[in-house]
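Protein chains in written order, with the numbering used here: chain X, 1 to 139; chain V, 1 to 139; chain E, 1 to 139; chain F, 1 to 139.
Yeah, the Cβ is synthetic: ideal placement off N, Cα and C, and Gly gets one too.
Number of protein chains: 4
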Amino acid sequence: MVQKAKYTLKVRNYHIDAYGHVNSAVYLNFLEEARTTFLEEMGVSIEDLLKQGIFIYLADIAVQFKKPAQLGDQLEIWGWYDEVKKVKLCWRQEIVNSVSGELIAVARTTGAFLKQGKIIPIPPEIRQKLLAFLWKPDR
Amino acid sequence: MVQKAKYTLKVRNYHIDAYGHVNSAVYLNFLEEARTTFLEEMGVSIEDLLKQGIFIYLADIAVQFKKPAQLGDQLEIWGWYDEVKKVKLCWRQEIVNSVSGELIAVARTTGAFLKQGKIIPIPPEIRQKLLAFLWKPDR
Amino acid sequence: MVQKAKYTLKVRNYHIDAYGHVNSAVYLNFLEEARTTFLEEMGVSIEDLLKQGIFIYLADIAVQFKKPAQLGDQLEIWGWYDEVKKVKLCWRQEIVNSVSGELIAVARTTGAFLKQGKIIPIPPEIRQKLLAFLWKPDR
Amino acid sequence: MVQKAKYTLKVRNYHIDAYGHVNSAVYLNFLEEARTTFLEEMGVSIEDLLKQGIFIYLADIAVQFKKPAQLGDQLEIWGWYDEVKKVKLCWRQEIVNSVSGELIAVARTTGAFLKQGKIIPIPPEIRQKLLAFLWKPDR
Chain X
1 MVQKAKYTLK VRNYHIDAYG HVNSAVYLNF LEEARTTFLE EMGVSIEDLL KQGIFIYLAD
61 IAVQFKKPAQ LGDQLEIWGW YDEVKKVKLC WRQEIVNSVS GELIAVARTT GAFLKQGKII
121 PIPPEIRQKL LAFLWKPDR
Chain V
1 MVQKAKYTLK VRNYHIDAYG HVNSAVYLNF LEEARTTFLE EMGVSIEDLL KQGIFIYLAD
61 IAVQFKKPAQ LGDQLEIWGW YDEVKKVKLC WRQEIVNSVS GELIAVARTT GAFLKQGKII
121 PIPPEIRQKL LAFLWKPDR
Chain E
1 MVQKAKYTLK VRNYHIDAYG HVNSAVYLNF LEEARTTFLE EMGVSIEDLL KQGIFIYLAD
61 IAVQFKKPAQ LGDQLEIWGW YDEVKKVKLC WRQEIVNSVS GELIAVARTT GAFLKQGKII
121 PIPPEIRQKL LAFLWKPDR
Chain F
1 MVQKAKYTLK VRNYHIDAYG HVNSAVYLNF LEEARTTFLE EMGVSIEDLL KQGIFIYLAD
61 IAVQFKKPAQ LGDQLEIWGW YDEVKKVKLC WRQEIVNSVS GELIAVARTT GAFLKQGKII
121 PIPPEIRQKL LAFLWKPDR
């Protein structure tokens with residue numbers, strides 16, 4: 001079971017490519033925007049972190065494209081955490097068409113907090129907030 | 001052993017984000033541009049395919065970010081195929097800093113050819129060209 | 001005097017370039033998104049128009065950059081029309097920092113409606129809606 | 001009469017928007033990339049300037065869109081200077097289809113050099129190089 005955060009957006013003209021669908025790179029903008037908004041809703045601001053020289057570095061990202069999104073589609077991005085370790089974070093995100101309910105894409109992103117180019121432990125007050133959205137096996 | 005295709009580019013102002021590095025989404029533009037140029041060098045044009053209603057659909061993409069690329073970095077993208085099946089293609093790409101030789105990112109992308117929304121076998125004359133860049137185990 | 005439409009957004013990581021400010025091209029995405037949302041709020045959907053083969057073509061755009069926007073800035077885009085002619089439209093937009101009230105950028109965009117590559121008169125039911133946001137000299 | 005610098009590029013999948021043409025914001029990326037490459041060919045590197053805390057700030061940009069560019073189009077961007085004043089620069093750029101010779105867009109951009117947020121005179125050794133590409137009236 002897991003508590004999920006929700007972010008919504010509408011597919012715009014400039015998100016579409018020559019194939020008539022949302023371009024693959026644009027999904028990464030959507031996913032990043034959703035992760036950032038998610039953190040903000042918890043009270044964690046990436047601009048405040050940046051002023052302390054801290055930023056969130058992506059180690060890897062994997063996206064499965066299930067169904068293309070099209071101009072005007074209303075999308076929901078659902079996010080939660082798969083892992084919240086001492087230094088490592090793993091996000092899960094699902095992009096869903098709000099109207100049809102169809103699954104558009106699934107993403108898994110791993111990251112860490114960096115300060116002056118070095119990995120640091122996830123700041124404890126942030127880690128505490130993230131744990132609320134950590135996936136836990138049902139029993 | 002494998003024959004690899006090479007694509008080069010320079011990191012520009014608008015590729016960089018607030019963290020001072022190439023943004024994760026921008027790498028997907030780089031990788032797409034390298035794959036397309038690679039096909040063109042083989043004589044396969046995505047605009048000619050599109051006129052026949054054919055396009056290359058990405059099923060999934062996975063990128064590992066090894067080291068951030070910075071403004072002015074000269075990058076090389078090396079590409080080849082891991083799999084060239086009847087309907088499915090798997091690209092491998094490595095982004096390397098041309099000067100330092102450091103590995104910037106590694107990507108694996110799976111795709112297929114679509115015509116009017118349906119997966120079709122890879123056109124045989126294209127498949128033939130792709131096979132030259134297929135990875136084969138050494139022996 | 002004029003009635004203005006308002007669109008708000010927050011400056012994200014991927015909007016920033018190597019200079020640490022919102023990249024000039026990204027402002028055009030902001031302005032387009034604001035114009036589209038503005039039309040939607042009037043009941044005009046660009047995806048419905050597109051289904052009829054109609055789209056809004058930009059003839060020119062001019063932007064003055066007054067003050068750079070930065071990561072985390074909350075922006076307001078105010079829009080209205082300077083001209084609503086038979087075939088030609090002229091938008092005015094101002095981007096303002098919501099907190100400080102500072103003017104970030106001013107834009108003037110001229111466009112027309114195209115159908116199958118030919119300029120058509122602005123559809124009367126749309127023209128009617130646009131007139132509500134047309135600037136009129138005070139007297 | 002004027003000496004012009006030339007930059008070439010090919011229109012890619014992700015440059016196109018839902019209207020099937022190059023998106024207006026993408027032209028600003030093209031224009032910026034051409035201006036930067038132009039400077040580099042003169043021996044002026046924006047990353048070297050940035051290390052000294054200097055960057056080129058855009059004051060305004062005006063683009064006229066003459067004819068839409070499409071997937072696979074080979075474009076030429078021709079650039080020169082209209083004005084090279086003590087602190088102010090004015091670029092002119094024309095985007096042309098390499099094959100048909102058709103004019104795609106015309107742009108005029110004004111900028112200045114900034115150091116720690118303050119406008120500085122154009123560094124004399126750079127100004128000297130720019131003057132070679134300054135438009136002069138025929139006589």
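Flag Glu32 (chain V) as yes if its beta-carbon sits less than 8 Å from any beta-carbon of chain A, otherwise no. Among the protein chains of the structure shown, namely X, V, E and F, there is no chain A.
Buried or exposed (CB count within 10 angstroms, at least 16 for buried), Ser100 (chain E): With a threshold of 16 other beta carbon atoms within 10 Å, Ser100 (chain E) falls short and is exposed.
Determine whether the beta carbon atoms of Arg58 (chain X) and Phe65 (chain V) lie at a separation below 8 Å. Per the sequence shown, the amino acid found at residue 58 (chain X) is Leu instead of Arg. In contact: Leu58 (chain X) and Phe65 (chain V) (Cβ atoms closer than 8 Å).
Start and end residues, beta strand (DSSP E) containing Arg92 (chain E): For Arg92 (chain E), the enclosing beta strand (DSSP E) has its first and last residue at 88-97.
For Leu50 (chain E), the nearest candidate out of X:Met42, X:Arg12, X:Ala107 (CA to CA): The shortest C-alpha separation from Leu50 (chain E) is found at X:Arg12.
Taking any Cβ of chain E, which residues in the region 51-78 of chain V have a Cβ under 7 Å from it, in chain order? Leu71
What residues of chain X sit near Ile46 (chain E), judged by a beta carbon separation below 8 Å? Asn13, Leu71, Gly72
Below 8 Å on the Cβ atoms is my contact criterion, and I expect Gln89 (chain V) with Ala112 (chain V) to pass it. Report the Cβ-Cβ distance as a whole number of Å. A quick correction: the sequence has Leu, not Gln, at residue 89 (chain V). That belief holds up - the Cβ atoms of Leu89 (chain V) and Ala112 (chain V) are roughly 7 Å apart, short of 8 Å.
Chain E contact residues for Asp17 (chain V), given Cβ-Cβ distances below 7 Å: Asn13, Tyr14, Ile16
Presumed contact (8 Å Cβ cut-off) between Lys86 (chain F) and Ile120 (chain F), rounded CB distance: Not confirmed; about 10 Å, so no contact.
Ala5 (chain X) vs Ala62 (chain X) beta-carbon contact at 8 Å: no
Three CB pairs or more closer than 8 Å across the region 14-33 of chain F and the region 16-25 of chain E: Cβ pair count under 8 Å is three or more, so yes.
Mark Glu32 (chain V) as exposed unless 16 or more other C-beta atoms lie within 10 angstroms of its C-beta, in which case mark it buried. Looking at its Cβ environment, which holds 16 or more other Cβ atoms inside 10 Å, Glu32 (chain V) is buried.
Going by the CB atoms, is the gap between Val96 (chain V) and Arg127 (chain V) shorter than 8 Å? Not a contact, by the Cβ cut-off of 8 Å.
Going by beta-carbon coordinates alone, are Tyr14 (chain X) and Phe55 (chain V) separated by less than 8 Å? no
What does the Cβ neighbour count give for Thr36 (chain V), buried or exposed, with the cut at 16 atoms within 10 Å? buried
At the level of alpha carbons, what is the spacing between Phe149 (chain E) and Tyr81 (chain X)? Shown here, chain E extends from 1 to 139; a query on residue 149 (chain E) therefore has no answer.
Report yes or no: is there a C-beta of chain E within less than 8 Å of the C-beta of Leu134 (chain F)? no
Going by DSSP, name the residue or residues bridged to Val63 (chain F). E:Ile61, F:Ala107
Beta-carbon gap between Lys10 (chain V) and Gly72 (chain V) smaller than 8 Å: yes
Start-to-end residues for the beta strand (DSSP E) that takes in Gln74 (chain E): 74-84
Euclidean distance between Cα positions of Phe30 (chain V) and Phe133 (chain F): 31 Å
Run through chain X and tell me which residues come within less than 9 Å of Thr8 (chain E), C-beta to C-beta. Among the residues of chain X, none has a CB under 9 Å from the CB of Thr8 (chain E); the nearest is roughly 14 Å distant.
Taking the beta carbon of Gln52 (chain F) as the centre, do at least 16 other beta carbons fall within 10 Å, making it buried, or is it exposed? exposed
Can you tell me whether DSSP reads Val44 (chain F) as helix, strand or coil? coil
Listed in chain order, which residues of the region 88-105 of chain V have Cβ atoms closer than 9 Å to some Cβ of chain E? none
Determine the contact status of Val2 (chain V) and Trp135 (chain V), defining contact as a CB-CB distance below 8 Å. Yes. Within cutoff.
Determine, for Asn29 (chain F), whether the minimum Cβ-Cβ distance to residues of chain V falls below 8 Å. yes
Mind pulling the chain X residues with CB within less than 9 Å of Thr109 (chain E)? Neighbours of Thr109 (chain E) on chain X: none; closest Cβ ~14 Å, over 9 Å.
Gly43 (chain V) to Gly117 (chain F), Cα distance in whole Å? Here the C-alpha atom of Gly43 (chain V) lies approximately 49 Å from the C-alpha atom of Gly117 (chain F).
Exposed unless 16 or more other CB atoms sit within 10 angstroms - verdict on Leu103 (chain E): Leu103 (chain E) counts as exposed, since fewer than 16 other beta carbons sit within 10 angstroms of its beta carbon.
Determine the direct distance from the alpha carbon of Ser98 (chain F) to that of Gln74 (chain F), and round the result to whole angstroms. 6 Å
Please tell me whether Ala25 (chain V) has its Cβ less than 8 Å away from any Cβ of chain X. yes
Measuring straight from C-alpha to C-alpha, what distance separates Gln70 (chain X) and Ala105 (chain X)? Here the alpha carbon of Gln70 (chain X) sits roughly 13 Å from the alpha carbon of Ala105 (chain X).
Sorted by chain position, which residues of the same chain lie with C-beta nearer than 8 Å to Ile16 (chain V)'s C-beta, five sequence neighbours on each side aside? Val22, Asn23, Gln70, Leu71
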